[in-house]
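Read the structure below first, then the notes.
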Amino acid sequence: GAIAYRRGAKHLVAGMCETDYSGYPDCRDDTVKAMQLALNLGMERRFVLHTPLMWVDKAETFALAQELGGDALVDLLVEETHSCYLG
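Read left to right, the sequence shown gives residues 274 to 360 (this note's numbering).
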């Protein structure tokens, strides 16, 4: 929220999905809704958290990437995105 606030952003987009929930409570839809509420209570400006992949599993996510951008987009996702769960 702090970076979005400094940049004047209102909409935040995150790629977590509850369909692949493996014990990570921050990937649940209820958690995201609670985070949005907390941000909005703690800031003077409103934020909207978007999770377009919330109900899409990883296989469907990569199929969508392939459909939308082909190998270039799939490669970008693999090379330039990360999960803090990697250790």
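All C-beta atoms, glycine included, are put in the ideal place defined by N, C-alpha and C.
Leaving aside the five residues that flank Gly274 on each side, the residues in its chain whose CB is nearer than 7 Å to its CB run, in chain order, Leu312, Met316, Phe320. For the 7 Å CB-CB criterion, Thr354 and Trp328 do not form a contact.
Relative to the Cα of Arg279, the nearest Cα in the group Ala336, Arg318, Thr324, Leu350 belongs to Arg318. In the structure shown, the three-state DSSP call for Val351 is helix.
For the pair Ala338 and Leu326, the CB atoms are not nearer than the 7 Å cut-off. Burial state of Val305 is buried, judged by a 10 Å Cβ sphere holding 16 or more other Cβ atoms. Distance from the Cα of Phe335 is smallest, within the candidate group Cys290, Ile276, Gly281, for Cys290.
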